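Participant: Before anything else, here's the structure in question.
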């Protein structure tokens, strides 16, 4: 490649002066195959290497994320984000299609799964600690559940900037990496917390959301590399590119099928819980006998003995004693019209909401369902594992 005379013997594309970096796409297009290989292996691939510092920073970030979830502290959440390592696994996946290299792809994918597992485990372990240490009730950091157009736009812009700056700059672009990490990995900590706290549906929704975020970020980074003049190379690179498209489609379909769990969780945790009164012990009414009115009796003849008249009292029919129960789930539960996870929704109940058990049970979809009566008189079915028995109802 012929560089202008103002720069003598550059060591690589990142050694170009600023005025030439602005034309790096044209320079890459005019470079030879050997120069591009040197740029990919000598300049870009070292930035995606997984060194010991990566794992130290990952452990520190996960520890701070667990503390942030436990204390519901935005300051600790910001500290966890600042300590997060550079998103080398995602960029390594992108680079593996451009080099191309199946070995780099497998290593980067394994590192991506390991990073996700560390953040998920941090949230799960944080939920094991006593609830009294938590400063709030319910799921913390509900903004991690958000999945509107702003979050998706931030993900697309962040992943595109991450890939573009990786190509143009000698240093790793940590600011763009932090934005992508906050969207792709931090909700996994909340997913682990939700699973341990008894909200498996919210956890599944968060896992699907993070998978969709990661797939879209991967595809956006690949497209950015392509736009910069580094498309997938040779047959292996195009196979990886097609796999990226397929994974993105599957991840988005999985997210669409589970996103209602996130919407329900947000609604349940943002609705103020009902103000109730302490439950009083049930009063069992004892049957009372009503005295009969006196009846007139004729004087008995002295020669005859009259048998006394026995009057039968009304029989008392015992009524079954209804039992109250409380909802025990940080993210609330769904009341359904029939037993089963696919039955229509009657309403949603917050944690510690009181209801009445009607004494009817059915097993469906591997769960035991209790028939309940709500405070407003509605009848529905709730999974028995989210119920704790209180006191007999009136």
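Numbering (my numbering), first residue to last: 513 to 906. Glycine included, each C-beta is placed from N, C-alpha and C at the ideal position. All figures in this text were calculated on a predicted structure; none of them were measured in a lab.
#1: Looking only at DSSP bridge pairs, what is residue 882 linked to?
#2: Start and end of the beta strand (DSSP E) containing residue 837?
#3: Give the straight-line distance between the Cα atoms of residue 603 and residue 726, rounded to the nearest whole angstrom.
#4: When we look at the beta-carbon of residue 704 and count the other beta-carbons within 10 Å, is it buried (16 or more) or exposed?
#5: So residue 680 is in the alpha helix (DSSP H); what residue range does that whole segment cover?
#6: Alpha carbon to alpha carbon, what distance is there between residue 734 and residue 669?
#7: Straight-line CA distance for residue 685 to residue 651?
#8: Starting from the Cα of residue 975, find the closest Cα among 574, 637, 884, 592 and give me that residue.
#9: Alpha carbons only, please: which of 890, 623, 899, 639 is nearest the one belonging to residue 481?
#10: By Cβ distance, which residues of its chain are closer than 6 Å to residue 891, with the 5 residues on each side in sequence left out?
#11: Roughly how many whole angstroms lie between the Cα atoms of residue 906 and residue 849?
#12: Using 9 Å as the threshold, is the C-beta distance between residue 690 and residue 578 below it?
#13: Are the CB atoms of residue 612 and residue 714 within a distance shorter than 9 Å?
#14: If you compare alpha carbons, which of 687, 859, 678 is closest to residue 606?
#15: Along the alpha helix (DSSP H) that carries residue 548, what are the first and last residues, could you check?
#16: In or out: residue 862 buried (at least 16 other Cβ within 10 Å) or exposed?
Facilitator: From the atom records:
#1: 873, 894
#2: Its beta strand (DSSP E) spans residues 835-839.
#3: Their Cα atoms are separated by approximately 11 Å.
#4: buried
#5: 661-680
#6: 13 Å
#7: Near 32 Å, if we compare the C-alpha coordinates of residue 651 and residue 685.
#8: Any property of residue 975 remains undetermined from this structure, which presents the chain solely from 513 to 906.
#9: Given that the chain is displayed from residue 513 to residue 906, the structure contains no residue 481 and the question cannot be resolved.
#10: 885
#11: Caution is warranted here: a pLDDT of 48 is assigned to residue 906, below 50, making its placement in the model unreliable, and the coordinate value is therefore given only provisionally. Taking the straight line from one Cα to the other gives about 24 Å.
#12: no
#13: No, the Cβ-Cβ distance between residue 714 and residue 612 is not below 9 Å.
#14: 678
#15: 545-550
#16: buried
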